[in-house]
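For the sequence shown, the working numbering gives the first residue as 26, with consecutive numbering after it. Here a beta-carbon is modelled for each residue, glycine too, at the ideal position from N, C-alpha and C. For reference, the structure is listed below as structure tokens.
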Amino acid sequence: MLLEVDHISKTFDNGTRALREVSFSVAEGEFVSVIGPSGAGKTTLFRILNGSAPSDSGAIRVGGVALETASARARRAVQKTIGTIYQDFALVENSSCRQNVLNACLPEMGLLASLFGLFGKERQKEAERLLGEVGLAEKAEEPVKNLSGGQKQRVAIARALMRRPALLLADEPVASLDPVTGRQILELLREIRRETGLTILMNSHNLSLSRAFSTRLIGLRRGEVVFDGRADTPEEEVLAAVYGEGEEGKA
Ligand SMILES: Nc1ncnc2c1ncn2[C@@H]1O[C@H](COP(=O)(O)OP(=O)(O)OP(=O)(O)O)[C@@H](O)[C@H]1O
Ligand SMILES: [Mg+2]
């Protein structure tokens, strides 16, 4: 298994229990959608997975390495294999597309090299190649602020791929985009997965897109896993488990 999430719990200081004993595994090459109502704990889960926030208890193993007990160095090495893209892209708007993609390398560079932006020929070439891969070869020099939303998400995908991740976390990657552009982004992710074997874990509010593009669905509700099954499970079955009756689910 590429990713094993084992009884992860998280309660925030204000008493909100965001995750309760969450467990699931993801095999290499899967495209898994985590679905669930607003506040179900999806983003919290992703933040814990990519190391932006700690969990209270439980274990996460990536490629067999247990993050909680690994040395700082081993943990960094594992985190390097996890790329993330976000709903709001999280790019540097005034910098060029190329610069944004290259920025992915800053954490692995020495102080002077990063201060002076000395990325080296190989990284420059790789950034160029990835911008081509996501269909933005012509926009390399363009400041990100001049791009459309769909183009910005493509830059963010190229940036995430720059570190050759084994696992891509996508937190509502198409929630800010119109439906057609959103589908194109998911088609791009699916194609990259097919070509490279990348494993994708995506958060989404959109059940029909998740069903269309992923291989498996994990349903979160009030911090608990309430569904884990194939993406082609009958829709009513998924809806009943994850959103149930009443108001709460319809967000
Ligand atoms: N830093 C924080 N401090 C306190 N509570 C938080 C914090 N971050 C999230 N929460 C709470 O934890 C719960 C889960 O939030 P989370 O952002 O993970 O939900 P989500 O499933 O991503 O929702 P959405 O679909 O709206 O993005 C919510 O009740 C939220 O208010
Ligand atoms: Mg969220």
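Under DSSP, THR36 shares a beta bridge with ARG42. In the three-state reduction of the DSSP assignment, PHE56 falls in the strand class. Judged by DSSP secondary structure, LEU194 falls within the beta strand (DSSP E) whose first and last residues are 192-196.
In the DSSP assignment, GLY157 falls within the unbroken alpha helix (DSSP H) covering 145-158. If you draw a straight line from the Cα of ARG255 to the Cα of PHE141, it is about 48 Å long. Counting only runs that start and end inside the segment 60-115, the alpha helix (DSSP H) elements of at least 4 residues fall at 67-74, 97-105. For ALA165, the CB contacts under 7 Å within the same chain, skipping 5 residues up- and downstream, are SER121, CYS122, ARG123, GLU153, LEU156 in chain order. Note that the segment 97-117 touches the segment 190-209; at least 3 beta-carbon pairs, one per stretch, sit closer than 8 Å. A Cβ-Cβ contact shorter than 7 Å links ARG184 with ALA129. DSSP, read as helix, strand or coil, puts PHE238 in helix. Proximity of the beta carbon of THR36 to ligand 2 is not indicated: no heavy atom of the ligand is located closer than 6 Å. CA-to-CA, the gap between LEU27 and ARG86 works out to about 8 Å. In the three-state reduction of the DSSP assignment, SER233 falls in the helix class.
From the listed residues GLN176, LEU213, VAL180, the smallest Cα separation to LEU202 is found for GLN176. In this structure, THR206 has its CB at a distance of at least 6 Å from all heavy atoms of ligand 1.
Short note on ASN39: C-beta closer than 6 Å to some heavy atom of ligand 1. Ranked by how close their Cα comes to the Cα of ALA115, the residues ILE60, ASP196, SER82 have ASP196 in first place. Put simply, of ALA266, LEU245, GLU260 the residue whose alpha carbon is nearest the alpha carbon of PHE49 is LEU245. The DSSP-derived three-state label of ARG184 is helix.
Per DSSP, ASP203 has no beta bridge partner at all. Residue environment: VAL263 is assigned as buried (16 or more neighbouring CB atoms within 10 Å of its CB, all protein chains considered).
The C-alpha of ARG208 lies about 10 Å from the C-alpha of ARG215. Between ALA84 and ALA95, the gap from beta carbon to beta carbon reaches 7 Å or more.
Taking C-beta separations shorter than 8 Å and ignoring five residues to either side along the sequence, the partners of THR240 in its chain run GLU55, PHE56, VAL57, ARG255, ALA256, following chain order. In the DSSP assignment, no residue is bridged to VAL267.
In this structure, the C-beta of ALA65 approaches ligand 1 to less than 6 Å from one of its heavy atoms.
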